[in-house]
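In mature numbering (1 follows the signal peptide of the UniProt record, and there is no 0), the protein residues as written are -32 to -1, 1 to 739.
One structure is given below, encoded as structure tokens.
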């Protein structure tokens, strides 16, 4: 670390190390993995330089570049870029590239090896404009720990590179520049005081130096940004930009913003160092004169604080759930969102980021989550309001049943704190260059969650009345000063969260929230996310028939996955019985031993093992999925006395205590565990009686509900089996074979009934078991 001034040791302390060994992408570089062979020099082409590994140690600087989008450009044309530089102890800057450990921030200590040409030291590859980053072969990054800093100083320096018209001093005179810095400092201060209960230690203030140095450079705009930052830091009395970062004001932090003329816009629009919290100092550069001066500076400070981009997920609806494409910086409601030329009104941070920074107390926002054992829960008429003061953000927190991550609901009604910038009024944006992904960013209720870069992503879905997606579930503006609501629903990509807005006004919104545990893929043996049908023929061959997820068969349709299975007297498809994420098979042999055949997720099996004896007293054995609600696969079986017994799995390939859950089941000629057939989130059971009537037995984890007849004439079917969602419409289906060998698909509706049936095969009379 460079320390030409008094470096504050508290700015950087050893944190937990992140170590990542990286394979070099370039063939022949030191560290690349090759087949074992006798030691020998690696030949090189005539004149090609040899490559060697060199140790590199120093302070990491991570920068993010955000371009300004011109009018008519799509978000896909303005993706941000991230770059890495290591500053060594002697002040040399070395640009590096490669798979740097995730989460690396400015100020961390880098220790690793890079590839350089023989006879050249890494120190000679400084970060000039033409310098090529050195490839990293192995790296350890130790994060820095920033002290808490409430007092921030914002320094501005104007630099005019050679070859372009300088910054217009009649527009950007000293008072205008100080006003720019003051307004953005005030913006971030007010972000930190959104709620009266905010931790006072997290409230920040900004001051601005009264004089802005104006410098000239003999280098063009394309020179290294590090060189410009060094020049600006020297003008402020520091030895270098690294020295500026290393020596913040006592008890505070500072931010250096280099102001460049508009002629440099083709080189960059805004570059900032990525910090690690609201106590971080940072470096910023912005090209002024593009009508986005405030946005670039406001976003630069956000990057210095370590806040990631505010993205937008454009989600079309498919039969299987939303299908989302995410655009970086796509959220126009947030200061960390997109920057469009001509729009220069920084908007408030969203509620997720405010909570992350501690500027609103997340502990006070209601949280909704499934209880232990719950598969689905709907909360009706929930009021989306943060506090009695309508100036504060309205926020609810939802725990995603699929990932346990937190989603946030916020109401941006367009008043007070939630007022959006001018450009979101009745504007439709093209997200992609082909203008196929169109989104309207409008007032209302929004669903968002976190991204890996400490940012956020807002989920959009099609407007029910227009051919584009809507960034809010409910439109709060009808174009003439009135309020309206769509009564629309937004769903996250996995389908585990759904939110419907039922009413709204200027201050609050009322929503229905549904959380649904993900349905296990009971029959996906091949790992392609579509159900498979297992079938045994008379010779004992076991085959897997692969569905295409749309009600038909994939190509190739079948593969043999076993032989010798004719010794088994019962075969059961219980789902994931051993907890490894792949569906398994249970099979009973003639001696009554029950065997577990663990699926490997790729159409094969692991080594079998016995999981029970004495099972030859059971007349029927059926997999029913998670019947107890504890997240593990269970089975039910009928014994010779007609009792229905539940055998709960323990999640690791064994059993919990069995219990009787019914009697009189000897009269049933067929059973099928159909999963959630009636849409209540709980697995159900189908049973065919001697008269051919098909009955649905709904279950609620603790008891049976009254049975419902869902079919008649089923005595003509030789086999009945549920295979999950065969046609991809989100509901569970049944397949059945008739005496002629025709295979029929009976489509479930999710409401205790079947839709139309479709023949999907013939010749299945040769099969002695389906599952």
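Glycine is no exception: its CB is placed at the ideal position from the N, C-alpha and C atoms.
How about residue i and residue j: do their beta carbons lie closer than 8 Å?
i, j, result
"residue 501", "residue 691", "yes"
"residue 650", "residue 668", "yes"
"residue 162", "residue 366", "no"
"residue 142", "residue 177", "no"
"residue 76", "residue 420", "no"
"residue 190", "residue 235", "yes"
"residue 221", "residue 249", "yes"
"residue 258", "residue 233", "yes"
"residue 48", "residue 297", "yes"
Specify the secondary structure class of residue i as computed by DSSP and reduced to three states.
i, result
"residue 348", "strand"
"residue 685", "coil"
"residue 153", "helix"
"residue 719", "coil"
"residue -10", "Residue confidence for residue -10 is low, a pLDDT of 24 falling below 50, so the modelled location carries little weight and cannot support an answer."
"residue 516", "coil"
"residue 236", "coil"
"residue 34", "strand"
"residue 615", "strand"
"residue 729", "strand"
"residue 159", "helix"
"residue 334", "coil"
"residue 466", "strand"
"residue 110", "strand"
"residue 629", "strand"
"residue 66", "coil"
"residue 252", "strand"
"residue 406", "strand"
"residue 306", "coil"
"residue 677", "strand"
"residue 145", "helix"
"residue 180", "coil"
Hey, out of the options, whose CA is closest to residue i's CA?
i, options, result
"residue 100", "629, 542, 120 and 65", "65"
"residue 192", "22, 721 and 62", "62"
"residue 545", "735, 577, 512 and 134", "577"
"residue 609", "79, 585 and 597", "585"
"residue 212", "731, 121 and 21", "121"
"residue 140", "255, 28, 616 and 118", "255"
"residue 598", "313, 343 and 540", "343"
"residue 617", "605, 272 and 600", "600"
"residue 630", "543, 612, 413 and 432", "612"
"residue 575", "535, 587 and 530", "530"
"residue 245", "278, 326, 434 and 207", "326"
"residue 110", "102, 80 and 123", "80"
"residue 149", "269, 201, 133 and 625", "269"
"residue 375", "693, 329, 410 and 466", "466"
"residue 473", "351, 206, 507 and 282", "351"
Along the chain, where does the beta strand (DSSP E) containing residue i start, and where does it finish?
i, result
"residue 702", "702 to 705"
"residue 565", "562 to 565"
"residue 212", "Where residue 212 is concerned, there is no enclosing beta strand (DSSP E), although the alpha helix (DSSP H) it sits in stretches over 209 to 214."
"residue 504", "500 to 505"
"residue 588", "586 to 593"
Rounded to whole angstroms, what is the Cα-Cα separation between residue i and residue j?
i, j, result
"residue 550", "residue 368", "22 Å"
"residue 308", "residue 237", "11 Å"
"residue 663", "residue 275", "55 Å"
"residue 107", "residue 57", "17 Å"
"residue 727", "residue 660", "20 Å"
"residue 304", "residue 332", "24 Å"
"residue 503", "residue 708", "16 Å"
"residue 173", "residue 118", "6 Å"
"residue 633", "residue 606", "7 Å"
"residue 595", "residue 724", "28 Å"
"residue 527", "residue 431", "43 Å"
"residue 210", "residue 226", "15 Å"
"residue 569", "residue 562", "21 Å"
"residue 593", "residue 603", "7 Å"
"residue 538", "residue 719", "31 Å"
Start and end of the alpha helix (DSSP H) containing residue i?
i, result
"residue 372", "Run containing residue 372: none; DSSP gives neither H nor E here."
"residue 429", "Here residue 429 belongs to no alpha helix (DSSP H); instead the beta strand (DSSP E) covers 424 to 430."
"residue 265", "261 to 272"
"residue 193", "193 to 203"
"residue 325", "319 to 325"
Between residue i and chain C, is there a C-beta pair that is closer than 8 Å?
i, result
"residue 316", "Looking at the structure shown, chain C is missing, and only one protein chain is on hand."
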